[in-house]
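Notes for the one structure printed next.
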Amino acid sequence: MASIPYFLFLKAIIPHLVIFAIYARSQEEGFLSLGCGRAPEWTYPDAWGIQWVSDSGYVSGGTTYNLPNDDAYLPRRTMRLFQGNQSKYCYNLSNNAVRLGAAFLLRVYIRPGQTPPYTPKSANGTMVFKLIVDANEWSTVSVAVNETYDNEAYVRSQGDFISVCLARSTPDGDAPFINTLELRPLPASFSSVQRMSSTNTILTEVQHYNMAPLEVSLISYPPDIADRYWRNIALDDNGPFYKINLSDIRNLTRPEDIDIAPSTLFQDSWKGSPYLSFYWTQLVPSFTFYMQFYFAEIDPQVNSTGARVFNIFINGLQETSFVGPVDVFAAVGANTPYMVSGGADSDQSGTLSVNLTPSVQSLFPSFLAGIEKFTPTRLEPLTSSHIVAAVEALKSALNLTSYTGDPCLPEGYGYEWMNCSSRDSVTAILLSNSRTGGIIPDEIRSLDTLLEIHLDGSDLQGPIPDLSALERLEILDLRNNRLTGPIPATLAALPNLQALYLQNNNLSGQIPPELLRRKQAYSLVFEYSGNQYLSAEVNQSSPFADSSSGSGSISQRTRTIIIVAALVCFVIIIVVLGIVLYVVCKYRAEKAGTKGESGNNLHATQHPPISTFQAVVQGPHKK
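Numbering of the sequence shown is given in the numbering used here, commencing with residue 22 and proceeding in unit increments.
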């Protein structure tokens with residue numbers, strides 16, 4: 022067998038080594054790729070150098086589900102399904118790149134497969150649920166059997182993690198699920214990132230389009246360092262295109278062209294005849310979208326300024342937010358990427374049409390290599406940090422750590438056992454009969470806007486903490502637990518407290534007198550029966566006292582009743598004795614008179630008759 026010359030061997034192998042080096046290199050720092058529903062130890066390095074890991078360390082709850090007979094990309098062949106009753110289920114995404122103000126691309130992939138885990142609620146067979154990021158509603162998912170839903174958003178971190186949540190659209194709506202979740206850091210130099218910062222927005226419903234023939238596949242990482250998905254816009258295969266070798270595209274050098282698109286995007290450009298036109302429908306009516314247009318002058322015949330000049334029209338109007346007429350060669354020369362950006366308004370019907378029309382003096386038609394469309398959404402601030410800290414302590418103390426994400430926001434998707442009136446105000450804790458166990462943490466007093474606390478039937482132990490800071494509190498219900506220790510005297514000082522329920526606990530010691538006085542004055546509903554170690558102090562200044570104590574000692578009211586009864590009995594005895602003495606004295610007097618008359622022995626007296634009452638008081642009369 023003849024040997025292969027060494028130089029021929031190198032010539033054959035080097036291109037393959039180069040390709041391998043490009044696609045097998047390690048992923049960019051800050052990439053996080055989660056296979057949802059995978060076993061905790063699962064990992065998968067794909068052919069492009071992206072390292073996939075299980076989602077189990079980033080979410081609490083949900084059940085795993087395999088997609089049978091599914092030929093999807095391997096990480097997408099499982100899902101995590103959330104069938105519980107929580108208001109939302111959240112992934113807390115963090116790594117060394119997540120810090121305050123940093124920008125990221127988020128991407129979700131959702132596919133129910135051929136045999137979904139449940140029957141959809143809607144008659145048309147689609148499953149509908151919500152996506153949430155931090156305090157913002159992101160998108161409404163609508164996906165049918167064997168179909169795919171994926172979505173990208175540009176977001177800014179408001180702390181050391183980003184919450185991506187799934188929720189039912191209505192309390193009895195479809196259970197949410199997810200197959201993969203990806204986080205990609207975005208360079209601060211991107212104009213889209215700078216726009217987010219300057220306008221206090223995030224960019225949802227992000228779309229990247231490659232104006233290339235149909236046979237051109239998806240462009241993503243590693244050609245795109247941000248791993249954006251550049252999809253073919255499905256142009257006619259026979260349409261006119263400019264083509265160029267990738268090696269002829271120079272690196273981007275101009276600082277104003279700062280959204281670094283992959284070089285492969287500029288290998289093909291769609292050529293107008295002489296203009297280009299495309300449009301979107303069913304958008305939000307009369308809404309300002311943000312758009313970025315990408316160009317590279319790759320036609321060798323265009324070699325001078327003014328040879329190709331065109332304007333961008335939105336819904337038939339020249340878009341003044343873009344920088345006047347576009348002349349790519351005049352701006353950057355040949356074979357160099359170039360970008361223009363600006364706002365674009367949909368019309369009242371929700372249609373957004375784009376037209377690139379050459380100027381009268383232009384020698385060549387308009388052209389386009391790629392386009393991005395973003396939906397700006399106001400960045401909603403998170404719930405105040407002092408509230409979050411108190412709620413985190415409450416979750417830990419009451420074994421509620423499965424609840425993650427913002428506790429109050431978005432509106433309607435806060436924790437279902439809390440009522441929030443705003444990002445700065447929690448008005449109620451509603452955990453009646455929850456059987457959570459645990460203790461009432463001291464940090465609850467930081468929720469100083471609370472009006473109601475319902476922790477009855479929660480199997481709580483330990484003491485009642487100092488709640489004196491909760492000056493707005495109206496109802497405190499702690500009955501049917503196993504609380505111990507005294508009733509804090511500070512509860513009586515809460516000016517707005519209207520109802521205090523402490524029955525059936527293991528509380529001990531004296532009941533604060535002021536609580537009893539408020540109960541006696543009907544300014545407080547106060548119940549505390551079923552606490553055998555409690556006792557009530559007698560209130561001598563009141564003829565009536567409380568009878569609701571469950572202690573083994575005699576209550577204040579009972580003692581008062583005994584004293585009053587004794588006094589009444591004493592008065593009755595005195596009256597009876599007086600009557601008896603009166604009768605006896607009268608009887609003796611009558612008898613003595615009868616005897617003197619018969620014996621002619623009449624005695625006269627110098628004193629008037631003494632009444633029975635006087636006799637009782639003065640004693641025997643001296644003769």
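Cβ atoms here follow ideal geometry from the backbone N, Cα and C, with glycine treated the same way.
Cα-Cα separation, residue i to residue j
i	j	result
Ala352	Phe310	25 Å
Leu523	Leu499	5 Å
Asn113	Leu127	12 Å
Tyr230	Ser218	24 Å
Gly483	Ala411	18 Å
Ser556	Asp480	23 Å
Gly551	Pro137	52 Å
Ser572	Gln553	Here Ser572 scores only 40 on pLDDT, less than 50, and its place in the model is too uncertain to base an answer on.
Leu207	Val214	8 Å
Glu236	Ile71	24 Å
Glu401	Glu432	11 Å
Val637	Ile594	Any reading at Val637 must be qualified, since the residue scores a pLDDT of 34, below 50, and its modelled position is unreliable; the value itself is stated next. Distance between the alpha carbons of Val637 and Ile594: 14 Å.
Ile281	Ile392	13 Å
Ser562	Ala514	Legend: pLDDT at Ser562 = 46, less than 50; position of this residue unreliable, no value from coordinates given.
Val361	Thr378	15 Å
Ser417	Asn172	34 Å
Nearest-angstrom beta carbon gap, residue j and residue i [assumed within contact, 8 Å]
i	j	result
Thr372	Thr302	5 Å
Val447	Thr425	Val447 to Thr425, Cβ: 17 Å. No contact.
Asp195	Val154	Not quite, the Cβ-Cβ distance comes to about 20 Å (not below 8 Å), so this is no contact.
Tyr296	Ser387	6 Å
Ala390	Leu286	6 Å
Asp92	Gly134	Their Cβ separation, rounded to whole angstroms, is 10 Å, which puts Asp92 and Gly134 out of contact at 8 Å.
Asn527	Asn501	Actually they do not touch by this definition, with Cβ atoms about 12 Å apart.
Ile223	Ala156	With a Cβ gap of about 10 Å, Ile223 and Ala156 do not count as contacting.
Leu476	Leu452	5 Å
Ile131	Phe198	7 Å
Asn116	Leu53	6 Å
Assigned exposure category for residue i - 16 Cβ within 10 Å defines buried
i	result
Arg249	buried
Ala209	exposed
Phe591	exposed
Gly345	exposed
Thr64	exposed
Gly122	exposed
Gln339	exposed
Thr326	exposed
Glu12	An answer regarding residue 12 cannot be provided, because it is not within the stretch 22 to 644 covered by the chain.
Sequence-distant residues of its chain with Cβ nearer than 8 Å to residue i (five each side left out)
i	result
Ser423	Ser81, Gly82, Gln107
Ala355	Glu318, Ile319, Pro321, Val323, Asn324
Glu495	Leu472, Glu473, Asn517, Leu518, Gln519, Ala520
Ser77	Arg59, Ala60, Pro61
Arg503	Asp480, Leu481, Gln482, Asn526, Asn527
Best match in the options for proximity to residue i [C-alpha to C-alpha]
i	options	result
Tyr359	Tyr139, Ser290, Asp477, Asn440	Ser290
Pro96	Val589, Lys394, Asn526, Asn200	Asn200
Leu430	Arg98, Val119, Thr64, Ser184	Ser184
Asp181	Thr136, Ala124, Ala233	Ala124
Val94	Val119, Thr85, Ala68	For the record, residue 94 in the displayed sequence is Tyr; it is not Val. Checked all of Val119, Thr85, Ala68; the closest Cα to Tyr94 is Ala68.
Ser467	Ala282, Ala490, Asp280	Ala490
Leu415	Lys109, Pro428, Leu55, Gly327	Pro428
Tyr170	Ser178, Thr161, Val596	Thr161
Gly478	Asn145, Asn116, Thr457	Thr457
Phe18	Val227, Leu598, Asn90	Shown here, the chain extends from 22 to 644; a query on residue 18 therefore has no answer.
Thr220	Glu50, Pro397, Val349	Pro397
Gln646	Ala365, Val347, Gly146, Ile223	Any question about residue 646 goes unanswered here, given that the chain covers just 22 to 644.
Gly530	Tyr549, Leu204, Ala514	Tyr549
Lys142	Ile335, Tyr130, Ser163	Ser163
Val375	Val349, Asn332, Arg101	Asn332
Arg216	Gly364, Asn420, Pro533	Gly364
Leu152	Leu121, Thr84, Cys186	Cys186
Thr1	Lys109, Ala144, Tyr139	A query on residue 1 cannot be resolved here, the shown segment of the chain reaching from 22 to 644 and no further.
Ala449	Ile408, Ile460, Pro509, Asn420	Ile408
Leu202	Arg98, Arg189, Tyr300, Pro243	Arg98
Glu49	Tyr242, Thr140, Glu158, Ala188	Tyr242
Arg205	Trp73, Cys441, Asn420, Ala328	Trp73
Ser455	Leu419, Cys441, Leu488	Leu419
Own chain, CB closer than 6 Å to residue i, minus 5 neighbours either side, in chain order
i	result
Asp463	Pro486
Leu545	Arg539
Ala685	The chain is shown only over 22 to 644; residue 685 falls outside these bounds and no answer can be derived.
Ala165	Gly146, Thr147
Sequence-distant residues of the same chain with beta carbon closer than 7 Å to residue i, five excluded per side
i	result
Gly105	Gly82
Arg119	According to the sequence shown, residue 119 is Val rather than Arg. Same-chain partners within the cutoff: Ser178, Asp181, Phe182, Ile183.
Heavy atom of the ligand FMN within 7 Å of residue i beta-carbon
i	result
Leu537	For the ligand FMN, the structure offers nothing, since it holds no ligand at all.
C-beta neighbour in chain C for residue i, strict 8 Å
i	result
Arg466	Absent from the structure is chain C; it holds one protein chain and no more.
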